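Below is one structure; the comments refer to it alone.
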Amino acid sequence: MYVKHLSLKNMRGLEEVDLTFKPGVNLLVGPNSVGKSTVLEALRVMLSALTARLEGDYRTADKFKDRDIRIDAGHLSSELLLNFQGQDVRWDVQRYLASNKAEDTQTSDYGALNQAIKPLEIALFKQDVTKNYSISLPITLYYNVHRAVKHADLAPDFSTRKVRLSPISALENALAPTGTDFEQIQKWFAYRSTWLKKSKNNTSDVSADKHLSAVIAAIESFLPVLNGVWYDEKTRKLHTRKSGHDFELSELSDGEQSLLALVADISRRLAIANPALDNPLAGYAVVLVDEIDLHLHPAWQRQIVGLFEKTFPNTQFIFTTHSPQILSHVKPDAIWLFQRNDKGEVEPYQPDTSFGMDSSSILKLLFEVPEREASTDAQLQKLVKLVDSDELEQAKKLITVLKQTCGEIDLIQRMSAVIWRKEVLAGKDATDS
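Numbering (the numbering used here), first residue to last: 3 to 435.
What follows is the structure, given as structure tokens:
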């Protein structure tokens, strides 16, 4: 399952956009206030129609609101094309401004969606009756910029018997515009640990539980400094081992907590949604994340795309980002750059190149950010002029200064080589004469 196309008109600051998406990782890139988060919000609302139907009540689907309609426009429209279990499914929604305090007006066409998911709805209903969970459920998830981890102890009277674990429970609050539900992550770990002890002769060996081991392996692949994650019954909190010492997860850095919570929540939901898969992380999902680079060290940003694609091979990710490190690991046909034209209107476009480029080149070519400070550029231009005019001693002094700020960059190396060659030739000429 993956989103193939989104058409959007008159939503917030966007007049009209048509975006195509690929399986795997997709990036929405650009400065602030150009509509990247607006596109994610539109996708969230549109995909909630699918989630609500799979949960059994289409009325719980989110709706566009009056404030979503572009100023000076009377309505907004959105159309989504989704590849669902191998077939293309299209649905559309129009939202009209409420007038004279009348009820909100929204029209839609979900006919193709209703028809496409009906067999799965029937199968899920039968499965819920028999409690024989074997059907895989495709899921959609959304994480906004306010996904700060909120730690809380589980209540002393918490019982793992209260944890819903039918595949449909993987959709609970999956598209809610809230932070990561860390309490549900703790409850899931507590449940799996209790189940492991009761069903596997009181063992705590996580390898005996393919779902628990898959989630922990996913966390460790993103955060290799951690060794295991487990639920501690005494503290009623999640713990991990780092550098030979045990820590509560709340003691990790903000970046570690944010990434761990994101990976754990995606993994946990896939495990619940795919009860019969040997590798539940190979289940199908669409995941929307606003500002994937939030709290991430640049070294993590360079690795993050490959880790998501390797760990979740059948999940489509649609990220917003400002990070050139992330862009260099995604092919240009999976990137949309958001920029304003001369009229101030947002026009997304796809770059000609990105994959494998260094950060400076991406900043200059795609973000139109100068590669160096203006003063440094002026000094480098002066160096070239000094070398061209054979003022070699002054050029060498300037190179010494520039190395302190720029290091051994290509231009300095080339100018040093030219100086050396000129001095060699000058010495030869003096000898010949």
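Just so it is clear, CB atoms sit at the ideal spot from N, CA and C, and this is done for glycine as well. Keep in mind that this is a model prediction, so the values were computed, not measured.
Entirely enclosed beta strand (DSSP E) segments - the stretch 10-42, minimum 3 residues: 16-22 and 27-31
So, for Thr62: in the same chain, excluding its five sequence neighbours on each side, which residues have a beta-carbon less than 6 Å away from its beta-carbon? Ala54
Please report the straight-line C-alpha distance between Ser9 and Val41, rounded to a whole angstrom. 10 Å
If you reduce the DSSP assignment to three classes, tell me which class Gln396 lands in. helix
From Ile187 to Arg72, what does the alpha carbon distance come to, in whole angstroms? 38 Å
So the alpha helix (DSSP H) Lys212 belongs to, where does it begin and stop? Segment Lys212 to Phe224, the alpha helix (DSSP H) holding Lys212.
Check Asp292 in the structure and name its three-state DSSP category. coil
With a threshold of 7 Å on Cβ separation, who are the neighbours of Thr355 within its own chain once the five nearest residues in sequence on each side are excluded? Pro334
What are the start and end residues of each continuous beta strand (DSSP E) run of 3 or more residues lying completely inside the stretch 79-111, in chain order? 89-98 and 107-111
Just curious, the alpha helix (DSSP H) that Leu261 is in, first and last residue? Run containing Leu261: Asp256 to Ala275, per the alpha helix (DSSP H) assignment.
Check the Cβ-Cβ distances between Phe191 and every residue of chain D, and say whether any is below 7 Å. You won't find chain D in this structure, because it holds only one protein chain.
Could you give the DSSP three-state label for Ile137: helix, strand or coil? coil
Do Asp211 and Leu228 have their beta-carbon atoms positioned less than 7 Å apart in this structure? Contact: no.
Could you give the first and the last residue of the continuous alpha helix (DSSP H) run that contains Val131? Gly113 to Thr132
Taking 7 Å as the threshold (C-beta atoms), are Ala114 and Arg92 in contact? Contact flag set, yes.
Quick check on DSSP: helix, strand or coil for Val231? Note: Val231 maps to strand in three-state DSSP.
Continuous beta strand (DSSP E) stretch holding Val348: start and end: Val348 to Tyr351
Which residues in the same chain as Met3 place their Cβ atom closer than 6 Å to its Cβ, once the five residues preceding and following it in sequence are excluded? Phe86, Pro140 and Tyr286
Mind pulling the alpha helix (DSSP H) runs of 4 or more residues that sit fully within the stretch 277-330? 300-313 and 326-329
Under 8 Å Cβ to Cβ from Ser223, same chain only, skipping five residues before and after it: list those, please. Leu309, Lys312 and Thr313
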